[in-house]
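For the sequence shown, the numbering used here gives the first residue as 514, with consecutive numbering after it. For each residue, glycine too, the CB sits at the ideal point set by N, CA and C. Treat the numbers as computed from the prediction; the structure is a model and nothing was measured. To start, the structure under review is shown below, and the notes come after it.
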Amino acid sequence: MMKNSISASKASLVFFLYQMISALDVPLDLSQPPTITQQSPKDYIVDPRENIVIQCEAKGKPPPSFSWTRNGTHFDIDKDEQVTMKPNSGTLVINIMNGGKAEAYEGVYQCTARNERGAAISNNIVIRPSRSPLWTKEKLEPNQVREGDSLVLHCRPPVGLPPPIIFWMDNAFQRLPQSERVSQGLNGDLYFSNVQPEDTREDYICYARFNHTQTIQQKQPISVKVFSMDSLNDTIAANLSDTDIYGAKPVTERPPILLTPTGTTSNKVELRGNVLLLECIAAGLPTPVIRWIKEGGELPANRTFFENFKKTLKIIDVSEADSGNYKCIARNILGSTHHVISVTVKAAPYWITAPRNLVLSPGEDGTLICRANGNPKPSISWLANGVPIAIAPEDPSRKVDGDTIIFSAVQERSSAVYQCNASNEYGYLLANAFVNVLAEPPRILTPANKLYQVILDSPALIDCAYFGSPKPEIEWFKGVKGSILRGNEYVFHDNGTLEIPVAQKDSTGTYTCVARNELGKIQNEVQLEVKDPTMIIKQPEYKVIQRYGHVSFECIIKHDSTLIPTVIWLKDNDELPDDERFLVGKDNLTIMNVTDKDDGTYTCIVNTTLDSVSASAVLTVVARPNPPFDLELTGQLERSIELSWIPGDENNSPITSFVIEYEDGLHEPGVWHYQTEVPGSQTTVQLKLSPYVNYSFRVIAVNEIGRSQPSEPSEQYLTKSANPDENPSNVQGIGSEPDNLVITWESLKGFQSNGPGLQYKVSWRQKDVDDEWTSVVVANVSKYIVSGTPTFVPYEIKVQALNDLGYAPEPSEVIGHSGEDLPMVAPGNVQVHVINSTLAKVHWDPVPLKSVRGHLQGYKVYYWKVQSLSRRSKRHIEKKILTFRGNKTFGMLPGLEPYSSYKLNVRVVNGKGEGPASPDRVFKTPEGVPSSPSFLKITNPTLDSLTLEWGSPTHPNGVLISYILKFQPINNTHELGPLVEIRIPANESSLILKNLNYSTRYKFYFNAQTSVGSGSQITEEAVTIMDEVQPLYPRIRNVTTAAAETYANISWEYEGPDHANFYVEYGVAGSKEDWKKEIVNGSRSFFVLKGLTPGTAYKVRVGAEGLSGFRSSEDVFETGPAMASRQVDIATQGWFIGLMCAVALLILILLIVCFIRRNKGGKYPVKEKEDAHADPEIQPMKEDDGTFGEYSDAEDHKPLKKGSRTPSDRTVKKEDSDDSLVDYGEGVNGQFNEDGSFIGQYSGKKEKEPAEGNESSEAPSPVNAMNSFV
């Protein structure tokens, strides 16, 4: 919220109104009659211990002299040495502190100020010293009263001046608590509507405080003893009268009666403007409630207040309209009573028109008017220079007409001071007004060139204070040569002030005031500036903050550049606390670590010399509620109890609910459990109880901020023991062995036992067999084992709770089973239906349930690939398992490889394990589409031809019937030309394309076909040469990939400028996502992509930095599948161990032969072959480090170390041997060294190529590798 405080211009308006009232004040350098400026109050109560100062100050020309009267006669101050008059003043000082007595100077004093032009008089000042007498001694009898009766303790303070303030306290100076039942009346008495035993005490003390003398008087302590009729003994009865005791009845409820005022009606007179206080105090049991009404009208709004627990009606600033009958009604459940107070509002005289000073020039006319009102209506009397006008000197220019004096053709001798007195029985008014006859030319009292500054759109008040006699006429001009100001946009006031109601920017300028009368003329110039208003453009906003948080209020302002603003922050209209947590910034207030005390209204006030604006915002500090208190248990029964509590402070966030918790001190002391939750408006709850529990309760309050701390625990309540109400839950019977039955249950909790000695009766019998129940009673445990049972037969089971007092209700029965054993029979009639090249459906007959010997969980299908039909390579036997839950008799086998031979078997599964396998079934998958060719290489470019070489697909997925080659030219703007398609026989691995355009780039698309369809294609680009000169364009060709499960090795060939920086881009094949880019360090021609997803097809291409648009053709590869749960380790296979033994034996024989041949001096055939071929592929040591060549089981994912060089064209050739170790791996596309270099020799995936140079076209077999040891 935002508000504007009184601006400087508005303050000027208020001051201007005062100027109008005192218009044409006579300058003090001119002759004028006296004017009283200061005087003491009419009723002047003084402290008798201090000097008495009676004020009387006046002004006039010449300065007036002063005199005093006391009790109507002249007071000669010169004759009393205790009395002095201040110099140049009429104020009296009566010296009491040096021996004078205040009582000697009681009386009515009046001051007269006189000069040659008249005399002014003060009010009658009544001097009375304050009195604070002591209490008279009195014997106070103890008050003995019955419980429930009413009681009044009288104070009766001594009569003081002014009357004392009354209050009741005890011996420890603590105020006695008051309530609707016990309260203090207006007369100071202490009223008890009904007494209670707690009212018994001996120190009811009434105190009277006399403010003038700053003293407190104390009454003797009053003793009150409240007797309960139930405890009244004979000794006390002997000291009381018959009527007090023997006529008494036990405490009973009583209807209301009024203790004050008495009777049914009373009268009250109050004076206008005072505070009206009406009181009604009633006795009764229960304590009556008071209500007030005004008969025939409404209680005045905004002026009516209720005090003293509504026993006092307070109406402020009463007027005659408040007269009438006021009824108080006291009511309780037994009835009501009432009292009517007739109020009459009288009025001391008050002004309607007070006489005002009159300045006239000789020969002018004028009037003095004195009008007053009151109840009763006051009488008006006039005095001249302090003398009743009837006996004052005659003045022919004066005529008295009731409340008006009329002056005609005054002369200088007509100057005088007139007093008007308006009086009735409730008081009087006295006013001085002079008539001053002067002849003076105009004078302007406002300083010349005075600068006025106002805010835009606010009133501008430009003063022209003047004096002259006769009264001058005033005219206003704007500018040096401006015309006279007229019109509705200006307001001209009688005191000479010019008002511009709404000042605008064009109101700025020079204003000239001209005053003239018949004796002369004068003018004065002033300046007006209109400033922009100060505004708060960003106000503080309402904030809700949790305790200990930080909060900030903004106050951003805009102001006139010539004004300097000051910003003040207030809290609840008072200064900010002196606390370092309050940080006042340039345009904000920040409060750190907010506490509950910071709750309130914060106001930003911006002040300039001309205006002031403010804006406020409320800060509400919220927190978790305080814990409830005063927990009380009532209505105790065996199975229920009522809990009540008093909520704690909700801390500005309403309590939404209460959580009730309980503690069982008997079974789980110190552990609190949830009992129930009730709405936040509820403070009582009926709680259900269990037997044999020692309950304590506590309550937690919840609001939006969180949960309160728990309340203090209630008192404990122990319930009686009883039979258990319930039996254990979750009863189960499951065998752990084929010949037992394990019966388990969830034990009862401590409070569920309902008594001591908790045990369980466990009963069982075989289902569907006419057996008797077998039972056993066990201690408080949760398991019992029955031995010697048949395998997997159903049992009826029940568990019953019991304690020392008896059994729980009969439990319900559950069905359990004895232990399971492995199934005995394999599924029969296993059939396989091949749906397509990658999916098959298997059927089987269910096994008899009796043979399952347990709970049927489902069937498992084991299947594995025997071999690929497209090539006779051996493989690891990788068995896969699919589980089909429940009693299903078929299942789908996904993810099969096309054109392959598979075996499978089926087994039944129960809770114990798997049964025997069914006989193996063989099935074959049909052909599918092939993968992309393993590589595409373009060589031997000429003017019009290119040579294409390729490798067969890694996964033919059938019998290849042909290759499809498509190509098209690409121009310099990368636009594609017409597409040419060629079909190539499947047994071809190269092709020479002729009749091509010279110096032209071509793009090639190449894929393989089976009878099913075409596989994915591989792309490449190449350029024919110009003039048989080696082409200069750079190119990247023969991009090859070898992938494992989560990574792939990318290699390529580069032709072009040296020092090219390569990058590899890749993405999921068929995805529209952006290519991912990896930078290749250095100028290497290989890179390892890591973090790939197993079993996913990827696209890849290679580019060179700095060569715009220069990239290789795309290649597509697929990562290997995730490893199966069961894999075969080649190192543990018998055939592998036998093979290694055979190799070792062969090596031993070769060594022996070599040794014999050397001794004979001849050459052995192996040595001759080695010398003849000198094949580097089978050299025993690496050239660089001399280490032996190694191989590794593909299952371990360890990279094979390269034992031979890569061909110069960086293509990888398929080895001749179909019996390489790779064929027993996991079907991945190759292996890698730790540095990422490619080992193609063991991949087994590339077609065989002609040998180039001295390099062997045959990769070493495991036997050849072993030969390197020789």
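Under three-state DSSP, which class holds Gly1647?
-> helix
Between the beta-carbon of Asn1106 and the beta-carbon of Val1135, is there less than 8 Å?
-> no
Lys574 versus Lys555, Arg562 and Ile549, residue with shortest Cα-Cα distance = Ile549
Is there contact here, the region 1288-1295 with the region 1316-1331, by at least three beta-carbon pairs under 8 Å?
-> no
Considering Leu653, what are the terminal residues of the beta strand (DSSP E) in which it resides?
-> From DSSP, Leu653 is part of no beta strand (DSSP E); its letter is neither H nor E.
Segments of 3+ residues assigned as beta strand (DSSP E) that fall wholly inside the region 1099-1158 | 1101-1104, 1113-1120, 1125-1135 and 1142-1147
Please list, in chain order, all residues of the same chain as Gly879 whose beta carbon is under 6 Å from its beta carbon, the five residues on each side excluded.
-> Leu871, Leu873 and Phe920
Below 8 Å between beta carbons: does that hold for Ile638 and Ile567?
-> yes
Per DSSP, the bridge partner or partners of Met682 | Arg688 and Ile718
Please look up how many angstroms separate the CB atoms of Cys457 and Cys933, rounded, as I've assumed it's under 8 Å.
-> For the chain, the structure presents residues 514 to 1783; residue 457 sits outside this window and is missing.
Specify the secondary structure class of Met610 as computed by DSSP and reduced to three states.
-> coil
Under 8 Å between C-beta atoms of Tyr1797 and Ile1154 = This structure cannot settle anything about residue 1797, because the visible part of the chain is limited to 514 through 1783.
Please confirm if the region 1503-1521 is in contact with the region 1416-1425, defined as three or more CB-CB distances below 8 Å between the two stretches.
-> no
Would you identify the three-state DSSP class for Asp593, choosing helix, strand or coil?
-> coil
Three or more beta-carbon pairs under 8 Å between the region 690-702 and the region 818-833, yes or no?
-> yes
Identity of the residue in Ile640, Thr586 and Asn636 nearest Val606 by Cα | Ile640
Have a look at the DSSP bridge pairing and note the partners of Arg1434.
-> Leu1417
Roughly how many whole angstroms lie between the Cα atoms of Glu619 and Val559?
-> 10 Å
Can you list the beta strand (DSSP E) stretches of 3 or more residues lying completely in the region 1258-1318, in chain order?
-> 1272-1279, 1287-1291, 1296-1300 and 1307-1316
Relative to the C-alpha of Asn584, which residue among Ala617, Thr1114 and Pro577 is closest?
-> Ala617
Any beta strand (DSSP E) of 3 or more consecutive residues that is wholly inside the region 1555-1606 | 1561-1568, 1575-1581, 1589-1592 and 1599-1602
What is the DSSP secondary structure of Glu616, counted as helix, strand or coil?
-> helix
Out of Gly848, Trp1286, Leu1478 and Val1581, which has the shortest C-alpha to C-alpha gap to Gly797?
-> Gly848
Counting along the chain, where does the beta strand (DSSP E) carrying Val1613 start and finish?
-> Ala1610 to Ala1617
According to DSSP, is Lys1363 helix, strand or coil?
-> helix
Under 6 Å Cβ to Cβ from Pro1553, same chain only, skipping five residues before and after it: list those, please.
-> Checking the displayed sequence, the identity of residue 1553 turns out to be Thr instead of Pro. These residues qualify, in order along the chain: Phe1448 and Ser1564.
Unbroken beta strand (DSSP E) run spanning Gly1371, endpoints | Leu1369 to Ser1381
If you count every other CB in all the chains shown that lies within 10 Å of the CB of Ser1266, and 16 or more means buried, which is it?
-> buried
Beta carbon of Leu1041 nearer than 8 Å to that of Thr1021 = yes
Just confirm the distance between the C-beta atoms of Pro955 and Pro985, as a whole number of angstroms; I'd bet it's less than 8 Å.
-> 4 Å
Check the DSSP bridge columns for Glu1038 and list the partner residues they point to.
-> Thr1025
What residues match up with Cys624 in a beta bridge as DSSP calls it?
-> Trp581
Could you spell out the range, first to last residue, of the beta strand (DSSP E) harbouring Arg1496?
-> Val1493 to Pro1498
Residue nearest to Ser1288 in terms of C-alpha spacing, selected from Lys1280, Gln1313 and Asp1281 = Gln1313
Residues sharing a beta bridge with Asn700, DSSP = For Asn700, which the question treats as bridged, DSSP gives no partner whatsoever.
Inter-residue Cα distance where the pair is Phe686 and Ile590 = 48 Å
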